[in-house]
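Please read the structure below before turning to the comments.
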Amino acid sequence: MLKNKLILLGITGGIAAYKSAELARLLIKEGAVVQVVMTENAEAFITPLTMKTLTGRPVYSALYNPDAPGHFSATVHIDLAREPQMVVVAPATANILGKLAAGIADDLLSTVLMAVNTAECPVILAPSMNTSMLHNPAVRDNIAVLRRRGYNMADPLDGFLACGEVGEGRMIEPSGLLEIIKRKFQQAVDFKGLTVLVTAGPTREALDPVRFLSNHSSGRMGYALAQAAVERGAHVILISGPTALETPPGADFYPVVSAQEMYETVMDKLPTVDIVIKSAAVADYRPKGISAQKIKKGGEMTLKLVRNPDILKEIGKRKGNIFVVGFAAETENILAHGKKKIADKNLDMIVVNDLTLEGAGFNTETNIVHLLYRDGREERLPLMSKYELAHLILDRIKENKGKV
Ligand code: CTP
1381 MLKNKLILLG ITGGIAAYKS AELARLLIKE GAVVQVVMTE NAEAFITPLT MKTLTGRPVY
1441 SALYNPDAPG HFSATVHIDL AREPQMVVVA PATANILGKL AAGIADDLLS TVLMAVNTAE
1501 CPVILAPSMN TSMLHNPAVR DNIAVLRRRG YNMADPLDGF LACGEVGEGR MIEPSGLLEI
1561 IKRKFQQAVD FKGLTVLVTA GPTREALDPV RFLSNHSSGR MGYALAQAAV ERGAHVILIS
1621 GPTALETPPG ADFYPVVSAQ EMYETVMDKL PTVDIVIKSA AVADYRPKGI SAQKIKKGGE
1681 MTLKLVRNPD ILKEIGKRKG NIFVVGFAAE TENILAHGKK KIADKNLDMI VVNDLTLEGA
1741 GFNTETNIVH LLYRDGREER LPLMSKYELA HLILDRIKEN KGKV
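What follows is the structure, encoded as structure tokens:
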């Protein structure tokens, strides 16, 4: 699968740099072509000569390299960013993660990384550092930001660290990283030719010119799904209520505000899609009328609400060959409610959030869910990042499309 694939291997200055030599060897054994870019600090841990000997290619580290064969020196960073089919940074220090998250490009590797388009060339980062550094809020935030922007993390492991401490932070072993690289290549094209419609975020139901009813949905799950589907080659239509998130590059983006607007946009796009993933937290009710003027306070007040269209139910009625995935947020009888929604809304699959669990549901980076299928199968998944979960949901859609 890796035959003739050009993989750019970025090596930064951490003790785990010795593992990069083994990774390069494994990749080459699989038929890949490995182009190494090292930072100056990496050269303190492993020599360019070692990497050049293993890969049979020149190793780059300087931003300006007049002798770089086959490259015009001033734009070597652009050539290096355009040529590979994948970029792997192993080990990825706190420094390179911070630079990438902040948009700092001050050496060859960080400049190349800035020039890589992650929608076309997946980037895998393998963090490696001391546990306290990994748990530093700045590093954690940087990792979360990078995940959201579509960078893949090969998460570090628990174990014995070079500093003598034991904890999380050890770089993943080269064999584990090789598996992640292979899986990423497999995923890279498995949704090509398919149109995936994702809804995300909350809806806002206006009361008057300044007020609305809404909910706590952050949109993260839906944006992670859109991002993951773009990475896997799908044409993605993302219809989203208001969120604070960046639009995933490569998705066709349709911002909406109210449930009615989301309904109209979804129905307009529906005839062109193969898969619907309905992760939006749609308001079931809206105020009966919108006051043209700001409502003034007085005594007690009663709001009259009317039902919004159930978008998912409407999709279920018209689904034809479309594979339809619903979401449910529940606080009790999780599975029973999930199963009922599959039947009521004519779904192929539902992702059920148990809102009572820590790390699940709204406004978190992680999620814990059950997947339920039309034919009665159920699968409980462990705590994972919304981005990992997004890829897993796409894996399950692929396995079940045409089956359930
Ligand atoms: N949904 C929708 N349109 C609505 C309400 C919900 O499309 N007006 C979709 C959501 O996007 C989600 C699924 O229906 O995929 C489940 O939403 P949820 O609020 O959990 O369930 P409801 O069907 O609204 O039922 P209840 O509120 O009674 O739990």
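Be aware that the sequence shown starts at 1381, since it is given in my numbering, and climbs by one per residue. From the three backbone atoms N, C-alpha and C, an ideal C-beta is built for every residue, glycine too. Keep in mind the model is a prediction, meaning the values are calculated, not measured.
Query                                                                                                                            : Result
The region 1735-1753 in contact with the region 1710-1724 per 3-pair CB rule at 8 Å                                              : yes
For A1506 and V1469, believed in contact at Cβ under 8 Å, the rounded distance                                                   : 7 Å
Opposing strand residues paired with F1703 [DSSP bridges]                                                                        : I1655
Expected contact under 8 Å - CB spacing of A1813 and F1571 to nearest Å                                                          : In the structure as shown, the chain begins at 1381 and stops at 1784. Residue 1813 is therefore absent and cannot be evaluated.
Buried versus exposed call for H1615 [16 or more other C-beta atoms within 10 Å across all chains shown]                         : buried
Residues bridged to V1416 [DSSP beta-bridge criterion]                                                                           : L1389
Member of V1467, T1435 and A1397 whose CA lies at the smallest distance from the CA of S1508                                     : A1397
Beta-carbon proximity of L1541 to N1510, cut-off 7 Å                                                                             : yes
Cβ pair M1649, L1727 closer than 7 Å                                                                                             : Here the sequence assigns Lys to residue 1649, which means Met is not the residue at that position. No, Cβ-Cβ distance for K1649 and L1727 is not below 7 Å.
T1519, DSSP secondary structure in three states                                                                                  : As written in the sequence, residue 1519 is Val, which differs from the Thr given in the question. Looking at V1519 - three-state DSSP - the assignment turns out to be helix.
Pair within 7 Å by beta-carbon distance, F1707 and S1638                                                                         : no
Environment of S1597 [buried if 16+ CB atoms lie within 10 Å]                                                                    : buried
In chain order, each alpha helix (DSSP H) run of at least 4 residues that lies wholly inside the region 1661-1717                : 1691-1697
beta-carbon G1706 near the ligand CTP non-hydrogen atom, thresh 6 Å                                                              : yes
Same chain, Cβ closer than 8 Å to R1437, neighbours up to 5 away in sequence not counted                                         : V1413, V1414, Q1415 and V1416
Three or more C-beta pairs below 8 Å linking the region 1545-1565 and the region 1488-1504                                       : yes
4-residue-minimum alpha helix (DSSP H) runs that sit fully inside the region 1574-1661, ordered along the chain                  : 1600-1611 and 1639-1649
Three-state secondary structure (DSSP) of N1532                                                                                  : strand
Nearest neighbour of G1739, chosen from V1653, V1732, I1730 and L1763 [CA to CA]                                                 : L1763
Contacts around I1484, its chain only, beta-carbon distance under 7 Å, and the 5 residues preceding and following it disregarded : S1490
K1658 beta carbon near the ligand CTP (any heavy atom closer than 6 Å)                                                           : yes
Assigned exposure category for G1696 - 16 Cβ within 10 Å defines buried                                                          : buried
Helix, strand or coil at M1381 [DSSP, three-state]                                                                               : coil
Nearest-angstrom beta carbon gap, I1655 and I1702 [assumed within contact, 8 Å]                                                  : 7 Å
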